[in-house]
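What follows is a short report on a single structure.
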Amino acid sequence: MNLNKVMILGNLTRDPELRQTPSGQSVCTFDVATNRVWLSPSGEKNQKAEFHRIVAWGKLADICGQYLAKGRLVFVEGRIETRSWQDKETGAKRYRTEIVADNMQMGPRPAEVEPPTIEYPADAGEIEVKDIPF
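The working numbering puts the first residue of the sequence shown at 43, with every later residue one more than the last.
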């Protein structure tokens, strides 16, 4: 039995690119950054970013192209595929490993406005259980 399953949670590093194949099928590509944090043996905090190319097809591609944007948090579930092609300039064989998305969930939108600060009166005093009306 074999399994090729990927789940990542990260932020888009650029706006998605939506296009159509010659046959009219939608394809959307975007990059997602994930961070790995670990402690060294001496206790020092280390961090490394990984960048993943995501490819979505069909209706999922249309949704990604319409709703995703740079900086947006996204959860992607899919599979790893490596494609190859011949470089037109050098003639060398080229490879790219990508995550082909099967499912995508958007995280919350970044806050555009600061939430309002709630100020409580200084003389409110303590609330006692008998003061609660239920």
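Yeah, the Cβ is synthetic: ideal placement off N, Cα and C, and Gly gets one too. Since the model is a prediction, treat every value here as computed from it, not as a measurement.
Pick helix, strand or coil for G52, following the three-state DSSP scheme. strand
Which whole runs of the beta strand (DSSP E) in the region 84-153 are 3 residues long or more, in chain order? 87-99, 115-128, 135-148
With a 10 Å radius around its C-beta and 16 neighbouring C-beta atoms as the bar for buried, classify R138 as buried or exposed. exposed
Could you check what DSSP says for T76 in three-state terms: helix, strand or coil? strand
Less than 7 Å between C-beta atoms, sequence neighbours within five positions excluded: which residues of the same chain meet that for D57? A111, K112
My understanding is that F114 touches N53, with C-beta atoms under 8 Å, so please give their C-beta distance in whole angstroms. According to the sequence provided, residue 114 is Arg. The question's Phe does not apply to it. Sure, about 7 Å apart at Cβ, within 8 Å.
Residue from V48, M43, N44 whose Cα sits closest to the Cα of A143: V48
Beta-bridge pairing of T71 - partner residues as DSSP gives them: E59, V97
Buried or exposed by the 16-neighbour rule on C-beta atoms within 10 Å, applied to V79: exposed
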